[in-house]
Structure formats: C-alpha cells, structure tokens
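Step one of this worksheet: look at the structure below.
2 protein chains.
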Amino acid sequence: MTDAATPRRRGRPSRTETEAAPATRDRILHAAREEFSERGYEKTSVRGIAKAAGVDSALVHHYFGTKEQVFEAAIEVAFAPALAAPTAVEDGPLDTVGERLTRFLLGIWENPTTRTPLLAIVRSAVNNDTAAAVFRRLVAAQLLRRVAGRLDLPDAELRAELAAAQLVGVAMLRYVIKVEPLASADVERIVERVAPVVQGHLTAP
Amino acid sequence: MTDAATPRRRGRPSRTETEAAPATRDRILHAAREEFSERGYEKTSVRGIAKAAGVDSALVHHYFGTKEQVFEAAIEVAFAPALAAPTAVEDGPLDTVGERLTRFLLGIWENPTTRTPLLAIVRSAVNNDTAAAVFRRLVAAQLLRRVAGRLDLPDAELRAELAAAQLVGVAMLRYVIKVEPLASADVERIVERVAPVVQGHLTAP
Chain L
1 MTDAATPRRR
11 GRPSRTETEA
21 APATRDRILH
31 AAREEFSERG
41 YEKTSVRGIA
51 KAAGVDSALV
61 HHYFGTKEQV
71 FEAAIEVAFA
81 PALAAPTAVE
91 DGPLDTVGER
101 LTRFLLGIWE
111 NPTTRTPLLA
121 IVRSAVNNDT
131 AAAVFRRLVA
141 AQLLRRVAGR
151 LDLPDAELRA
161 ELAAAQLVGV
171 AMLRYVIKVE
181 PLASADVERI
191 VERVAPVVQG
201 HLTAP
Chain G
1 MTDAATPRRR
11 GRPSRTETEA
21 APATRDRILH
31 AAREEFSERG
41 YEKTSVRGIA
51 KAAGVDSALV
61 HHYFGTKEQV
71 FEAAIEVAFA
81 PALAAPTAVE
91 DGPLDTVGER
101 LTRFLLGIWE
111 NPTTRTPLLA
121 IVRSAVNNDT
131 AAAVFRRLVA
141 AQLLRRVAGR
151 LDLPDAELRA
161 ELAAAQLVGV
171 AMLRYVIKVE
181 PLASADVERI
191 VERVAPVVQG
201 HLTAP
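Chains L and G supply the protein sequences, listed in that same order. For the first sequence, full-length UniProt numbering begins at 1 and goes up steadily by one. For the second sequence, full-length UniProt numbering begins at 1 and goes up steadily by one.
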C-alpha cells in the first residue's frame, strides 16, 4: 500500500500501485476537504493538505495539480449532493419544478452533514476570487445550465439564476446570518412561500 | 488638535478636547472601516486600527470599546446607505414598494463607492460568527423590522426577510460570485423580474 505514496511514473503502473492509487487519492481529497472547510481557501496550502493526508506534497500535485485544482476536486465532492439538483428537477413535471428544487436545496442545508462542507465552499467563494471562479464554473456548468436546459425558453439561464438567487438568499439569511424569524421558521412554511417564487422565475410567461 | 489623542479623563473636558474629539473619533472610524474592508473581521486588530489612525490603542478602546463594538460602529457607517432603505420604502404607495426596494438596493450595489464597504461587511459576516451577530442585529433592527412595520400583516417580519433573501441572493450571484448572464444583465431587466417577487413576498395575500 505504501507504494501508492510514490508519484506514478511513465510506463505501465505496477499492480499494487493501480490498486492503491484510488485509496491515496481519496485520502488526499478527504484531507483537502477538511482543510478547506476549516481554514478557508486562502489559509489552506498544498503542504498542509499533504501533511494531513500523511503524504508528500509532490503526490498532491501529482494527483490534482495546483491548489486551485485541488480545491475544485474537493468542492466537487463536497458539492456533490447539490449537484444532484438537476436530476431532482428532471424527475417530475415542469409545473412542480419550483417545489422540487426548493425542497431539494433546503434539504441539503437542513442536514448538518451536507451543510458543513457547503458552508465552507460558500465562505471560500465569498472571500477569494479564485475560489469564486471555481465555484462559478461548477455551479454554472453543472447546476444552473442543466436546470436551464429543461426550460424551453429563450432566457432560461437568467431565469435559472434568479430562481437560484432566491434560494441562495434564503440559505444565507437562514443558515449563515441566522436572521429571525426566518432562521427558526418551519421548513414547510418556507417551502410554501418560496416554491411559487422559484416556479415563477423558471416557468412564468 | 493633538490633545485629542489623549483619552478623555473624568471631569469637564478642556475646550480643545471637546472640539477635537469628533475629528479623532472620525479618523479612527475611517481607519477601522479601511482595516475591516481590507482584512476582514478576523484579521483586523484594535492595535492595527489605532496604528492606521495614528493614535494609541487606548484611545480606540476609549471611544468605541471592544473590537466587536468598533466593528459595529464601522459597519453602521458603511451600511448607512442601505439602512436608508426603509425611508425609500416608506416614501410612496405600498403597491409599488417592491420596485422601490429593488431599485434602491441594486443602486447601492451598482455604485462602486457604496458596494466596496458593503462587500467587506458581507465577507466578514459570512466568515465570522461575531461579525454575523453584529450584522444580524443591525439588519434585523434597523432594516427588516422597519420595512415589516410598514406592512399591516401578521407575518410581516418573515415576509420582509424572504423579500430580502431574493435581493441578497441576486447581490451574491451578480456582484460576489459573478455568475453569467446575471452578472452582465441590464439592471432594468433584473428590476423587471425581481421587483414583482419582492412585492409578492411583502404584500401578496
């Protein structure tokens, strides 16, 4: 297993190396997620990630490239539940898409396991332009454009973004800034008021 | 003028001291705003603010108290344009309040002079719980509750917060994360789509 701690060289990898590589890669990715979550993008270093994963920095570079690329890989994993949103959207009729999307995203924020990494991403994206760019690429390409793809309307992308804005704002005020009464309001009460707005942005004429 | 750099003592202040005090206080406040904007809440220190203002740390404590209190005073100034929103809301009929509020808040974000300090506050509030608490107090007490006070409805505060959520989300995606096409869309196009939503949250049955 320790062979995997050596960067892969040209030529056919040894059997041990091929088998161990995913485990090492996952360990680095896990460490990266923890480091970015705790320290934010700016204070996290490739060296720190390597140390937390118990490997050499060179191996982090080998598997992922630059710090920006490690971040992208880490948030892609942390953000995976949210990136499933388009599937949730596609999974039903268009006239109830607002409610499905609202329930889906509030569900991710309500669950502490998925909320923590999401919060870390949002914090990094708000504070650092490189992190914002990574977040933007990921959200735009994998989430908003796929939701927009479901709408047969000329301004589908702007619609998807304004719907997302309502949900992002609710998440900010409820889970990050924690403004009352919104922070303690029953989820169903929020769905009741927010779902029609999301629906309207997406499909109203 | 340099007398003002000495903390005020008990007893009647000298005439020079009384006259100079507002200037010194303003200088500290200005330095605090700059420091918090550049470094964020966590990395800013009372000592750093004092140094930037050219005064002793004791004087900063004398005028404002703790770092949290300096922050509160600084964001109150930086946030002053946004805190005028309730006036903008009150200044016209209730059935066009959504458009007035939307135009007013987008106007603040469109103007780089008011956007920069606002962005610094948002960054600090997202990253630090103490800063978030200060932001929450200020926004809740001075902005949302005053807007809610205009609505004669039982759930006025939740309504004001959901309307704010739509506007906060647009600001996040357009000015902070800069997702396209929203980031480059014409303001009028955004007002056209967002104002009815804000209006709906505030006054729809």
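We put the CB at the ideal spot given by N, CA and C, even for glycine.
(request) Would you check if the distance between the CB atom of G/Ala52 and the CB atom of G/Ala74 is smaller than 7 Å? (result) no
(message) Counting only Cβ pairs nearer than 9 Å, list the residues of chain G close to L/Arg51.
(response) Here residue 51 of chain L turns out to be Lys, not Arg, going by the sequence shown. Ordered by position in chain G, no residue passes the 9 Å Cβ test against L/Lys51, which lies about 23 Å from the chain.
(request) List the residues of chain G whose Cβ lies closer than 7 Å to the Cβ of L/Phe64, in chain order. (result) In chain order: nothing, as chain G lies at least about 23 Å away.
(request) Mind listing the chain G neighbours of L/Phe135? Cutoff is C-beta to C-beta under 8 Å, in chain order. (result) Ile177
(message) To the nearest angstrom, how far is the alpha carbon of L/His61 from that of L/Thr24?
(response) 13 Å
(request) Could you tell me the distance, in whole angstroms, from the CA atom of L/Ala58 to the CA atom of G/Val170? (result) 41 Å
(message) Give me the chain G residues within the contact set of L/Asn127, using Cβ-Cβ distance strictly less than 8 Å, ordered along the chain.
(response) Gly40, Arg123, Val126, Asn127
(request) Give the secondary structure of L/Ile177 by DSSP, where H, G and I count as helix, E and B as strand, and everything else as coil. (result) coil
(message) Helix, strand or coil for L/Ser45? Go by DSSP, reduced to three states.
(response) coil
(message) Between L/Leu106 and L/Val176, how many whole angstroms is the CB-CB distance? I'm expecting something under 8 Å.
(response) No, L/Leu106 and L/Val176 are not in contact; Cβ-Cβ is about 14 Å, not under 8 Å.
(request) Tell me, to the nearest whole angstrom, how far the beta carbon of G/Pro112 is from that of G/Arg33; I am working on the premise that it is less than 8 Å. (result) Between G/Arg33 and G/Pro112 the Cβ distance is about 15 Å, and since that is not below 8 Å, they are no contact.
(message) Please state the DSSP three-state secondary structure of L/Pro86.
(response) helix
(request) Would you give the residue range spanned by the alpha helix (DSSP H) that L/Val122 belongs to? (result) 112 to 127
(request) Closer than 8 Å by beta-carbon distance: list the chain G residues that pair up with L/Leu144, in chain order. (result) Val179
(request) Check whether the Cβ of L/Arg115 lies closer than 7 Å to any Cβ atom in chain G. (result) no
(message) When you compare the CB positions of L/Arg174 and L/Leu182, do they come within less than 7 Å of one another, or not?
(response) yes
(request) Less than 8 Å between the CB atoms is what I'm expecting for G/Thr102 and G/Leu153, so what's the real figure, rounded? (result) Incorrect: roughly 19 Å between the Cβ atoms, too far for contact.
(message) My output table needs one value for G/Gln196: the three-state DSSP class, helix, strand or coil.
(response) Note that residue 196 of chain G corresponds to Pro in the displayed sequence, not to Gln. If DSSP states are grouped into helix, strand and coil, G/Pro196 belongs with the helices.
(request) Report the three-state DSSP secondary structure of G/Leu151 (helix, strand or coil). (result) coil
(request) Classify residue 210 of chain G as helix, strand or coil using the three-state DSSP reduction. (result) The requested residue 210 of chain G does not occur in the structure, where chain G is confined to residues 1 to 205.
(message) Would you say the beta carbon of G/Thr114 is closer than 6 Å to some non-hydrogen atom of the ligand NAP?
(response) Looking for the ligand NAP in the displayed structure turns up nothing, as the structure carries no ligands at all.
(request) Let me know if L/Arg9 comes out buried or exposed under the rule of 16 or more other beta-carbons within 10 Å of its beta-carbon. (result) With a pLDDT of 46 at L/Arg9, under the threshold of 50, the modelled position of this residue cannot be trusted; read the value that follows with caution. Classification for L/Arg9: exposed.
(message) Can you look up G/Asp26 in the DSSP assignment and give me helix, strand or coil?
(response) helix
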